[in-house]
Amino acid sequence: MMSPLVLAQHVTKWYGPRRAVTDVSFGIDEGEIVGLLGPNGSGKSTIFRMLTGYLVPTSGRIEVGGHDVVTDSLSVRRLISYVPEDAPLYDHMRVGEFLHFMANLRGLRGTAAKAAVDQAAERLDLTRVMTLLTAKLSRGFRQRVSIAQALLGTPRVLVMDEPTSGLDPHQVIGVRDLIRSLARSHTVLIASHILPEIEKIASRVMILLDGTLLTADALKGKSEETVLRLAATAPEATVRGVVSAVAGVRDLTVEADAGSGARHYLIRAEPRASLAADIVAALVGAGVAVSELNEARPDLERVFLDLTRQSSRGAA
Numbered sequence: 001m002m003s004p005l006v007l008a009q010h011v012t013k014w015y016g017p018r019r020a021v022t023d024v025s026f027g028i029d030e031g032e033i034v035g036l037l038g039p040n041g042s043g044k045s046t047i048f049r050m051l052t053g054y055l056v057p058t059s060g061r062i063e064v065g066g067h068d069v070v071t072d073s074l075s076v077r078r079l080i081s082y083v084p085e086d087a088p089l090y091d092h093m094r095v096g097e098f099l100h101f102m103a104n105l106r107g108l109r110g111t112a113a114k115a116a117v118d119q120a121a122e123r124l125d126l127t128r129v130m131t132l133l134t135a136k137l138s139r140g141f142r143q144r145v146s147i148a149q150a151l152l153g154t155p156r157v158l159v160m161d162e163p164t165s166g167l168d169p170h171q172v173i174g175v176r177d178l179i180r181s182l183a184r185s186h187t188v189l190i191a192s193h194i195l196p197e198i199e200k201i202a203s204r205v206m207i208l209l210d211g212t213l214l215t216a217d218a219l220k221g222k223s224e225e226t227v228l229r230l231a232a233t234a235p236e237a238t239v240r241g242v243v244s245a246v247a248g249v250r251d252l253t254v255e256a257d258a259g260s261g262a263r264h265y266l267i268r269a270e271p272r273a274s275l276a277a278d279i280v281a282a283l284v285g286a287g288v289a290v291s292e293l294n295e296a297r298p299d300l301e302r303v304f305l306d307l308t309r310q311s312s313r314g315a316a
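Under UniProt numbering, think of the first position of the sequence shown as 1, with each following residue one higher.
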């Protein structure tokens with residue numbers, strides 16, 4: 001079994017008398033998009049700064065690609081790129097000048113630096129602003145430049161702290177699509193306090209509260225069972241008989257009457273791609289009128305609230 005690309009073991013961080021991170025352990029495999037979710041002040045940025053070498057853990061160990069972030073920090077920095085919150089840039093530099101400067105810092109020179117900058121600029125749609133001062137850029141373009149500098153040198157791991165913060169809805173969608181595309185060639189770790197954004201981007205979600213990691217995979221339970229909400233007009237016995245005969249269906253319960261003979265049902269079944277289509281085909285084939293069939297998974301907000309409540313009760 002291969003070791004995780006990123007590995008944190010019993011990491012704790014104190015700021016003087018205040019403990020910001022408490023005994024946090026997790027692993028991240030190559031190619032994952034992992035979300036670190038938690039309210040402001042929960043320790044997300046502290047974990048990222050330790051992971052990228054900006055801070056030293058008080059205790060515990062962090063490795064990236066088998067290299068310790070404290071004792072072998074230069075090797076780690078060759079493997080990892082960081083997009084901090086608020087997109088800090090050198091405002092006196094033009095966009096192209098800034099990207100070339102960052103490419104040089106990553107050891108790229110001459111034609112190699114130019115090729116890397118041109119590729120990043122095209123990928124982030126920055127070609128038209130390369131001659132502008134970074135101080136003149138909009139919030140959305142500043143965020144794109146910050147992501148572009150992180151792509152220089154083809155790092156294996158991208159660490160992004162609140163990458164959609166302050167963006168308008170159109171820009172959020174663009175950054176979300178970009179992050180999904182980056183997973184084809186990078187491992188991506190994203191911190192956010194916005195639950196719907198994390199749910200749409202991440203393949204796995206870790207939840208942090210008051211410096212403590214509550215779970216390393218909040219979405220795991222969501223993949224073990226598919227829950228569908230069905231509205232159909234037919235006798236209950238007919239609907240039950242047809243749906244129960246579909247492969248993978250485990251249970252059907254009446255949720256509510258919808259009036260005019262229609263009823264709402266919850267269907268629990270083994271997850272598979274053609275499940276909904278098979279259920280509709282079976283019902284229509286039996287002459288049952290179907291007015292609704294939607295997936296009704298528990299959302300990340302519910303998982304988050306349940307975990308934080310359990311944590312609060314445990315602390316009490």
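Just so it is clear, CB atoms sit at the ideal spot from N, CA and C, and this is done for glycine as well. This structure is a prediction, so every number in the text was calculated from the model and none was measured.
C-beta contact flag for residue i and residue j at 8 Å
i, j, result
"L189", "I62", "no"
"G43", "V21", "yes"
"E236", "R263", "yes"
"A148", "L126", "yes"
"G96", "V117", "yes"
"L137", "V145", "yes"
"V227", "L266", "yes"
"T238", "V280", "no"
Between the CA atoms of residue j and residue i - distance to the nearest angstrom
i, j, result
"L293", "P84", "42 Å"
"A115", "G153", "10 Å"
"T131", "A276", "52 Å"
"L99", "Q143", "13 Å"
"L51", "G110", "30 Å"
"A135", "R94", "8 Å"
"K200", "E295", "15 Å"
"V290", "L230", "8 Å"
"V56", "L5", "19 Å"
"A316", "P39", "Confidence is the limiting factor: at A316 the pLDDT is only 48, short of 50, which leaves the residue's position unreliable and the question unanswerable from this model."
"H92", "F101", "13 Å"
"A8", "R184", "23 Å"
"P271", "F26", "27 Å"
"G66", "A286", "58 Å"
"A120", "L252", "51 Å"
"V172", "G16", "37 Å"
"V249", "A273", "13 Å"
"T58", "W14", "6 Å"
"G107", "K220", "40 Å"
"S3", "E255", "45 Å"
"E32", "V11", "21 Å"
"A232", "L79", "54 Å"
"S81", "R180", "17 Å"
"H193", "V129", "30 Å"
6 Å CB neighbourhood of residue i in its chain, flanking five on each side removed
i, result
"V175", "P163 and T164"
"A282", "V242 and V246"
"G35", "I190, I198, A202 and V205"
"D161", "S45, F48, P84, E85 and A191"
"L151", "A120"
"E122", "none"
Terminal residues of the beta strand (DSSP E) in which residue i lies
i, result
"H264", "A262 to A269"
"L158", "V157 to D161"
"E292", "A289 to E295"
"L7", "V6 to Y15"
Residue i - containing alpha helix (DSSP H), residue span
i, result
"I194", "Note, I194: premise wrong, no alpha helix (DSSP H); not H, not E."
"S73", "S73 to L79"
"L99", "V95 to L105"
"A116", "G110 to R123"
"G27", "Taken as a continuous stretch (DSSP letters only), G27 belongs to no alpha helix (DSSP H), being part of the beta strand (DSSP E) at R18 to I28."
"H170", "P169 to L182"
"S185", "Taken as a continuous stretch (DSSP letters only), S185 belongs to no alpha helix (DSSP H), as it is neither H nor E."
"T238", "E236 to S244"
"L275", "L275 to G285"
"S146", "R139 to L151"
Neighbourhood of residue i by C-beta, 7 Å cutoff - its chain only, sequence neighbours within 5 removed
i, result
"L195", "L37, L300, E301 and F304"
"L182", "L158 and V188"
"G53", "V69, S73, V76 and R77"
"S244", "L252"
"N104", "A113"
"L124", "R144, I147 and A148"
Cut-off 8 Å between Cβ atoms - residues of its own chain near residue i, not counting five sequence neighbours on either side
i, result
"Y307", "Note on residue identity: the sequence assigns Leu, not Tyr, to residue 307. Excluding positions up to five away in sequence, the list reads I207, L209, L214, T215 and A218."
- Enumerate, from N- to C-terminal direction, the unbroken beta strand (DSSP E) stretches of 3 or more residues contained entirely within the segment 204-231. Those beta strand (DSSP E) runs which fall completely within the segment 204-231 and span 3+ residues are 204-209 and 212-215.
- May I have a chain-ordered list of the beta strand (DSSP E) segments no shorter than 3 residues that lie completely inside the segment 33-79? Counting whole runs of 3 or more residues, the segment 33-79 contains the beta strand (DSSP E) stretches 33-37 and 59-64.
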